[in-house]
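In the numbering used here, the protein residues as written are 4 to 221.
Think of the CB as a built atom: it goes at the ideal place given N, C-alpha and C, for glycine as much as any other residue.
First comes the structure, then the notes that go with it.
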């Protein structure tokens, strides 16, 4: 042990002994009063003194106060599953969720920059028929016009009639792309008289994805 440590120990040791002695004497004093608290005090001053001492004794004891009522404390019984009280049939019975057994056909319209493709499938996703602006006789730049979407939907309606496909349960329209034939294809579907049950937009949009092509300089 170094000389500095010895000096610090010699200075702090008397203080520790004195504080421990004071604490021991205080506990002895409070215990003597608490043991005699059962007896009836002889005066009002004595009763007040006993109450003050009892409060000091109770406050000296370590207590943990959380401020929780009995209702807020969880019970120790078996845990209750909250999902058991939810009726799944009432949630998934809405028309928003179209099951495969609903019988509604799905019409996929892909409106690209250079072509418009229409595909009709059943509720399970099996392809029934399809058309595009190219199969309608449009060539090269004509496939990238607004009239291309209108012609593709008209050709699809003719195929549906020739194959005797019934649309009694309606169709689920799924559109993808921002091509020029997008708006005209949607108007042609409404003009066909088919009942549209649901419309979904599945256009893929990048969020700061790959680096774009170099712009052409003229």
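Next item on the list: Per DSSP, which residues does residue 175 bridge with? Please list them.
Entry: Partner(s): 109, 201.
Next item on the list: Would you mind reading off the limits of the alpha helix (DSSP H) that contains residue 160?
Entry: 149 to 165 is the span of the alpha helix (DSSP H), which, as asked, contains residue 160.
Check: Can residue 162 and residue 139 be called in contact, C-beta distance under 8 Å?
Finding: Not a contact, by the Cβ cut-off of 8 Å.
Check: At a cut of 8 Å, does the segment 190 to 210 reach the segment 166 to 177 through at least three beta carbon pairs?
Finding: Taking 8 Å as the limit for Cβ pairs, the verdict is that the segment 166 to 177 does touch the segment 190 to 210.
Notebook entry, point to check: If we count the other Cβ atoms within 10 Å of its Cβ and call it buried at 16 or more, is residue 210 buried or exposed?
Noted result: Exposed, because fewer than 16 other Cβ atoms sit within 10 Å of the Cβ of residue 210.
Notebook entry, point to check: Relative to the alpha-carbon of residue 183, which residue among 196, 167, 107, 118 has its alpha-carbon at the smallest distance?
Noted result: Of the candidates 196, 167, 107, 118, the one whose C-alpha sits nearest the C-alpha of residue 183 is 118.
Check: Excluding the five sequence neighbours on either side, which residues of its own chain have a C-beta within less than 6 Å of the C-beta of residue 110, listed in chain order?
Finding: Same-chain partners within the cutoff: 123, 174, 176.
Next item on the list: Please state whether DSSP places residue 195 in a helix, a strand or coil.
Entry: Of the three classes helix, strand and coil, the one that applies to residue 195 here is coil, per DSSP.
Check: Of the residues 153, 170, 135, 137, which one's Cα is nearest the Cα of residue 107?
Finding: The candidate whose alpha carbon is nearest that of residue 107 is 170.
Next item on the list: With residue 131 as the anchor, note down where its beta strand (DSSP E) starts and where it stops.
Entry: For residue 131, the uninterrupted beta strand (DSSP E) run begins and ends at 130 to 135, by DSSP.
Margin query: Taking DSSP's pairing of strands, which residues face residue 121 in a bridge?
Written below: Among the bridge pairs identified by DSSP, residue 121 is matched with 112, 134.
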